[in-house]
Structures are given as C-alpha cells and as structure tokens.
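Before any comments, here is the structure.
Protein chains: 2
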Amino acid sequence: MKSYLDCIPCFFEQALRAGRITTDDEQVLKQLLDELGKRLHQISLDSTPPETGRLIYRLVREITGNPDPFRELKLQSTREALALYPSLKRTVEGSDDSLLTAIRIAIAGNVIDFGASATFDIKDAIETALVNDFAICDYSAFKDKLADTKEVLYIGDNAGETVFDRLLIEQLKKPVIFVVREKPVINDATIEDAVQAGIDQVATIVSSGTDAPGTVLNTCSPEFKEMLDQSAFTIAKGQGNYESLSNEDYLVFFMLKAKCQIIANDLGVTKGDIVLKGINTER
Amino acid sequence: MKSYLDCIPCFFEQALRAGRITTDDEQVLKQLLDELGKRLHQISLDSTPPETGRLIYRLVREITGNPDPFRELKLQSTREALALYPSLKRTVEGSDDSLLTAIRIAIAGNVIDFGASATFDIKDAIETALVNDFAICDYSAFKDKLADTKEVLYIGDNAGETVFDRLLIEQLKKPVIFVVREKPVINDATIEDAVQAGIDQVATIVSSGTDAPGTVLNTCSPEFKEMLDQSAFTIAKGQGNYESLSNEDYLVFFMLKAKCQIIANDLGVTKGDIVLKGINTER
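These protein sequence lines map, in sequence, to chains A and B.
Each residue of the first sequence is one higher than the one before, counting from 94 in this note's numbering.
Each residue of the second sequence is one higher than the one before, counting from 94 in this note's numbering.
Take a look at the structure:
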C-alpha cells in the first residue's frame, strides 16, 4: 500500500506519540517534529507508510537519545497477555472451530499497537473479535493452503500480540517459522519479545533484518527474503506488514484489525473491522 | 492561547483540507505540505494558532494560485443561513429571554467553520445550542456590562455565521461596529460576506486589517487597535478570535463552540461545549 496524503498529518501524530513515551520536554518534542517537517519533501507518496515509520522512529531515537523507548511498555503488554493466555487457551480448545477461534484471538491481539493509538482495551478487543463478523474472511482458502503446506512462515507484529500468535501457532499443527523485527521500532516484537511470549516453545524465531515497523523488503536481510520467496504459506499480522506487503507478489494471508481510516479504505472495509485476507492465493 | 504540540499535526490537516478545496492534484497538495514542513521550525509554540493559520493559508494561496479558495463555499453558507433567518428571528422574539436565545443561536452559527472540519450540520447545531447548558456562561456579567456601554465592538468570525450574528446584534439594542477580516482566509467573513448577510443593515462594518483567521494584533491596522483599546464592550466570536485574544488585556466576551480538544482543554470544558466567557470583566 502506498502512502496517502492523509497519512502525513498522522506521521506527525505518530512522531509526537513516540517522542512523548521518552520525554515530556516540549523543546525536544518540537525539535523532533521540526526535523520530520524538514525531511517531509524526501518522503514520496509512492513509499509505504512503514518506510516513513522507519524514518520517524530513527529520528525519535536520535533526538531523544533513547534506543528503545517502548521497552517497558512492551514488557508490560507481554505480561498482561500472558496472564490471559490460560483462559484463552481453554476458549480455543473448547470452541467448535479451534483454528478459526485462534485466528480471531490472534487478530484481537493486534490492538496492542502503540503506533496506531496511545490507548486500547485488549479484553474488549477479544470479546468483540470472538463474536463480530469478518469484513473479509478468506478462511476457506486459508484452510486449503494450510493443508497443502509443509511449513508456515508467520510474520509477527507487536510485542504482547505475540502471546495471541502463540495460541494460533499451536492450532496450525505445522512447523512454524516466526519472524520478528531486527531492531526495536515502536512496540514491534523483536527476538527478545517473542521469547518472553513463549514463541520459542512453539516455533523457530528468526529476524527479518528490518528496523522498519513492517516488512519493508529493501531493508530486510537476503536470508529472510529467500525464506519469503520459498514460502508456500505466509501469515502476516497487522497494519505495518499489510502496508509493506500488500502490493507484492507473494502468497500471503493478512490478519489485522483496520485501525485507521486509510487502511480501511484501502481494504474496502470499515474502520475497526477484522480482516483475514489472502493475496495471490490462486497459484 | 499559545500553540500546543498537538496543534502541529492539525496544521497539516488544515493545510490539506484547504488545499483540497482548490485542487485534487496530489503533487500540488504534497508540495503544499512539504512547504509547511520546511517552515515548521520557524513556527514557535509561543505563537497563537491563527498566526500559523495565516502562514498556512498564504501557502495555500501561493501554491494553488487561488486567492480565495472558499469563495463559493462562503456564498453557499450565507445563502443557507439567510434561508433560516426568518424562522430563527421568530424563535428569538418568541422566547422568554430573547437576548440569551440570540446568543445561543449566534454560537450555534459558529459551527460553520471549514478550518476546523470539512463537514457540519447547522440545523443540528442550532437545536443543540437552544437546549444544551453552557459549559461557561458569564451571562450576568455580559448583561451588566452591556447595560453600561454606549457601543458594542463585535468581532465576527465566519461567513454564514454572520447571519446569526445579525440576529444577536438586533437584540443588543446598542450601536454596533462589526469587525471582519481584511482579506479572505479560510471561510472567515470579509466586508463582502458581512454585507451579503445583511450586517450593513444593523451595524457599521469595519475591517480589522488582518489576513489571519483570528485577531492577530500585530497584523491588525492601527485604526482597529485604537477601536479595541477604546472599546468598553467587545464580543469576539469563534475559536480563532479566542486563540488570538484570550491572553490580551481587553474586556472581551468570547462566544464559541469548543470544536477541538486543545481549545476545550485550554478553556477547561468538553469538546463540543458552548461557551460565553468574559475576560477582564472586573474593571
């Protein structure tokens, strides 16, 4: 997905929100926004939002001097999600369609996103995701392709959300490679965060090599790109992965909650909707 | 009122909204936002939002080549408001407190603001303003000071809203000088707009000399500043006038609807509230 003009005010909101996690010094925060302003003319509308996200969070790190502003919030999200894990595990196993229920819960976990908003309610998101209809639901293709694949490449999104990914991985009944970001960016999961969520107990964890809040291919490692090329079944969680991979030529099932109007428009759904969307599935 | 960090993303939204009134050329709109970005470091948080609004709409005029992008929308607002005038006049005259009802309607007219939002519902705003409580209501001081003054200085805000100002002016029962912007900026009323609303039939129309969307004193004419210095009773409509005059040393009654969260916070009210607030009234 390319960037839209309406993303631009939001880039400034994101920078401000990320900056405020680190400092309440108005002058430092103003400097952060000023620097983003100066570089705005270098940001093409043909680039994807996570490419700009990468620039924004680099600026945040540079100007605030904090290499991982979301460290504490990430830990806290993982802890809170782990506390919910046992009861959600029972919900999944007790349901008529354990796989679909696990998908719903994995999507609900996608509300844990400090890039899209400063606040969210995970329990409320789970309750909603368990009962609401999908705006797009390519579940049938998902099951067919899953039955055919030997292995699943699962591109994660945020720390904490990873606990809910674990529930889904347990229902896939296939070997899973779980992909994380190389460096901290917003609250996106790194190897450390995935291990804290217990993903290492159910999957092999690898880094995509990127420090962008998405799978921006020209910032990913050759090893990861090779994996993606070879993958017969890829899951990509969240908006950042959708934005960076939606126009690519891979078979991918996106799972996300449409948290902003722009992505909702791009998908042809309503803001707040949950989506399971496959691309390039007819091959 | 100074600018807040949260105003900065909104400055970009305003620029985009104003630009889109004139053109749908994405490259031109991107250039507009890029130019604003480049100048952001020159915008101090100590300046008021209308000072930045002035810069934004100058950029819009420069880059789009359109000196008055809101011309047609202003005409349309005035026409729609004039169509409501006869029935609102009956509402005012039939009410127990005609002055307070006219104030409520004049505040309702303040929703006609293309700077704060792209859409609004004037009839809905009137119905709400006629029944809702004021979050701040310095009506008693208003009546006292009005009884004592020989003349009223009435600083208008938007085109269309001027029709509702006319209803209030008719209830003030004092000679009124109605103040407009010197040049078109957003949909703020100029002399032409005030005349179209029939203000010339109930008041003397003067320009403040500014091309800012507010009463930014260092951009106003010496003649207007002299009037303001001498005025014993000033009414200032809308957010832009509040933002530019709220920290000044004049006796002013502000009438507005708090259309953004930042102004609501500054006033200590809830977004959407209606306000009649006097400053420097104990003199």
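Yeah, the Cβ is synthetic: ideal placement off N, Cα and C, and Gly gets one too.
Task: Continuous beta strand (DSSP E) assignments of at least 3 residues falling wholly in the segment 248-314 of chain A - done: Qualifying beta strand (DSSP E) stretches, in chain order: 269-273 and 297-300.
Task: Bridge-paired residues (DSSP) for B:V368 - done: By one-based count along the second sequence, residue 368 of chain B stands at place 275. The partner list for B:V368 (beta bridge, DSSP) reads B:I229 and B:L349.
Task: Inter-stretch contact at 8 Å, needing at least 3 Cβ pairs: the segment 145-152 of chain B / the segment 292-309 of chain B - done: These segments touch.
TODO: Under 7 Å Cβ to Cβ from B:D407, same chain only, skipping five residues before and after it: list those, please.
DONE: With chain B represented from 94 up to 376, any question about residue 407 of chain B goes unanswered, as that position is not in the structure.
- [ ] Excluding the 5 residues preceding and the 5 following A:A195 in the sequence, name in chain order all residues of the same chain whose CB lies nearer than 8 Å to its CB.
- [x] In the first sequence, counting from the first residue as 1, residue 195 of chain A sits at position 102. Only residues of its own chain outside the window of five on either side were considered, and among them V185, L260, L261, E263 and Q264 have a CB closer than 8 Å to the CB of A:A195, listed in chain order.
- [ ] Report buried or exposed for B:E128, applying the criterion of at least 16 other Cβ atoms within 10 angstroms of its Cβ.
- [x] Taking the first residue of the second sequence as position 1, residue 128 of chain B is located at position 35. Buried: at least 16 other Cβ atoms inside 10 Å.
Open item on the list: Using DSSP's beta-bridge definition, name the partner residues of B:A329.
Closed with: For this step, residue 329 of chain B is matched to residue 236 along the second sequence. DSSP, once it has assigned bridges, lists B:I248 and B:F347 as partnering B:A329.
- [ ] Starting from the beta carbon of B:K131, find every residue of chain A whose beta carbon is closer than 9 Å, and list them in chain order.
- [x] Counting from one through the second sequence, the residue named residue 131 of chain B turns up at place 38. Residues of chain A passing the Cβ test: G130, K131, L133 and H134.
TODO: Anything in chain A within Cβ reach of B:L126, meaning under 8 Å, just list it in chain order.
DONE: Against the second sequence, residue 126 of chain B aligns to sequence position 33. Under the 8 Å cutoff, chain A gives L98, I101 and L133.
TODO: Name the two residues that bound the continuous alpha helix (DSSP H) containing A:N358.
DONE: Taking the first sequence and counting its residues from 1, one reaches residue 358 of chain A at position 265. Unbroken alpha helix (DSSP H) run through A:N358: Q354 to L360.
TODO: Quick one: residues in its chain with C-beta nearer than 8 Å to the C-beta of B:E244, no 5 flanking neighbours on either side, listed in chain order?
DONE: Here the question's residue 244 of chain B lines up with position 151 in the second sequence. Correct list, in chain order: K267, P268, V269, I270, S324, A325 and F326.
Task: A:I292 vs A:V272 beta-carbon contact at 8 Å - done: Counted from its first residue, the first sequence places residue 292 of chain A at position 199. Counted from its first residue, the first sequence places residue 272 of chain A at position 179. No, these two residues do not count as a Cβ contact at 8 Å.
Task: Segment limits, alpha helix (DSSP H) that includes A:R113 - done: Taking the first residue of the first sequence as 1, we reach residue 113 of chain A at position 20. Here the alpha helix (DSSP H) through A:R113 covers C100 to T115.
Open item on the list: Less than 8 Å between CB atoms is the rule here; does B:F317 satisfy it with respect to chain A?
Closed with: To locate residue 317 of chain B, count along the second sequence from 1; it is residue 224. No, no contact with chain A.
TODO: At 9 Å on the CB atoms, spell out the chain B contacts of A:L148, in chain order.
DONE: The residue labelled residue 148 of chain A in the question sits at position 55 within the first sequence. Those do not exist, as A:L148 stays about 13 Å from chain B at its closest Cβ, beyond 9 Å.
Open item on the list: Going by C-alpha to C-alpha distance, which of A:L98, A:G112 and A:A234 sits closest to A:V153?
Closed with: Within the first sequence, the letter at position 60 stands for residue 153 of chain A. Of the candidates A:L98, A:G112 and A:A234, the one whose C-alpha sits nearest the C-alpha of A:V153 is A:G112.
Open item on the list: Helix, strand or coil for A:S137? Go by DSSP, reduced to three states.
Closed with: Counted from its first residue, the first sequence places residue 137 of chain A at position 44. A:S137 falls in the coil class under three-state DSSP.
TODO: Enumerate in chain order the residues of its own chain whose CB-to-CB distance from A:L98 is below 8 Å, with the five nearest sequence positions on each side excluded.
DONE: The residue given as residue 98 of chain A occupies position 5 in the first sequence. Answer for A:L98: L138, listed in chain order.
Open item on the list: Are the CB atoms of B:E254 and B:N334 within a distance shorter than 8 Å?
Closed with: By 1-based counting over the second sequence, the position of residue 334 of chain B is 241. By 1-based counting over the second sequence, the position of residue 254 of chain B is 161. The Cβ atoms of B:N334 and B:E254 do not sit closer than 8 Å to each other.
- [ ] Could you name the residues of chain E that A:F105 contacts, counting a contact when the two beta carbons are closer than 8 Å?
- [x] The structure shown has no chain E; the protein chains it does contain are A and B.
Open item on the list: Using the Cβ count rule (16 or more neighbours within 10 Å means buried), how would you classify B:Q135?
Closed with: For the purposes of this step, residue 135 of chain B is identified with residue 42 of the second sequence, where counting begins at 1. The residue in question, B:Q135, is exposed, as its Cβ has fewer than 16 Cβ neighbours within 10 Å.
TODO: Compare the C-beta of B:K364 with all C-beta atoms of chain A and state if any pair is closer than 8 Å.
DONE: In the second sequence, residue 364 of chain B corresponds to position 271, counting from 1. It does not; no Cβ of chain A falls within 8 Å.
Open item on the list: Can you give me the C-alpha to C-alpha distance between A:I219 and A:L349, rounded to a whole angstrom?
Closed with: On the first sequence, position 126 is the one that residue 219 of chain A refers to. On the first sequence, position 256 is the one that residue 349 of chain A refers to. Cα-Cα distance, rounded: 13 Å.
- [ ] Please say whether B:K370 and B:I198 have beta carbons closer to each other than 8 Å?
- [x] As a first step, residue 198 of chain B is located in the second sequence; it is residue number 105 there, counting from the start. As a first step, residue 370 of chain B is located in the second sequence; it is residue number 277 there, counting from the start. Taking a C-beta distance under 8 Å as the contact criterion, B:I198 and B:K370 do not qualify as a contact pair.
- [ ] Below 7 Å between beta carbons is the criterion; list the residues of the segment 108-125 of chain B that meet it against any residue of chain A, in chain order.
- [x] Listed by position, the residues of the segment 108-125 of chain B near chain A (Cβ gap below 7 Å) are L109, E119, L122 and K123.
Open item on the list: For the alpha helix (DSSP H) containing B:V224, name the first residue and the last one.
Closed with: Position 131 of the second sequence, counting from 1, holds the residue named residue 224 of chain B. B:V224 -> alpha helix (DSSP H) spans I215 to V224.
Task: Beta-carbon gap between B:N251 and B:D214 smaller than 8 Å - done: Along the second sequence, one-based indexing puts residue 251 of chain B at 158. Along the second sequence, one-based indexing puts residue 214 of chain B at 121. No.
TODO: Please list the residues of the segment 188-207 of chain A that have a C-beta atom closer than 8 Å to any C-beta atom in chain B, keeping them in chain order.
DONE: Cβ contacts with chain B come from no residue of the segment 188-207 of chain A.
Task: Beta-carbon gap between A:N280 and A:F163 smaller than 8 Å - done: On the first sequence, residue 280 of chain A is found 187 positions in, with the first residue counted as 1. On the first sequence, residue 163 of chain A is found 70 positions in, with the first residue counted as 1. Going by C-beta atoms, A:N280 is nearer than 8 Å to A:F163.
Task: Partners in chain B for A:L82, counting only beta-carbon separations shorter than 7 Å - done: Residue 82 of chain A lies beyond the range of chain A shown here (94 to 376); nothing can be said about it.
- [ ] Please confirm whether A:P143 and A:S301 have their CB atoms less than 8 Å apart.
- [x] Numbered from 1 along the first sequence, position 50 holds the residue referred to as residue 143 of chain A. Numbered from 1 along the first sequence, position 208 holds the residue referred to as residue 301 of chain A. No; because the gap between Cβ atoms is not below 8 Å, this pair is not in contact.
Task: the segment 235-254 of chain A: positions lying closer than 7 Å to chain B by Cβ - done: Answer in chain order: no residues at all.
Task: Beta carbon proximity, B:L138 to chain A, threshold 8 Å - done: Start at 1 with the first residue of the second sequence, and residue 138 of chain B comes out as number 45. Closer than 8 Å to the CB of B:L138 there is at least one CB belonging to chain A.
TODO: Please look up how many angstroms separate the CB atoms of A:Q332 and A:K352, rounded, as I've assumed it's under 8 Å.
DONE: Along the first sequence, one-based indexing puts residue 332 of chain A at 239. Along the first sequence, one-based indexing puts residue 352 of chain A at 259. Indeed they touch by this definition, with Cβ atoms about 6 Å apart.
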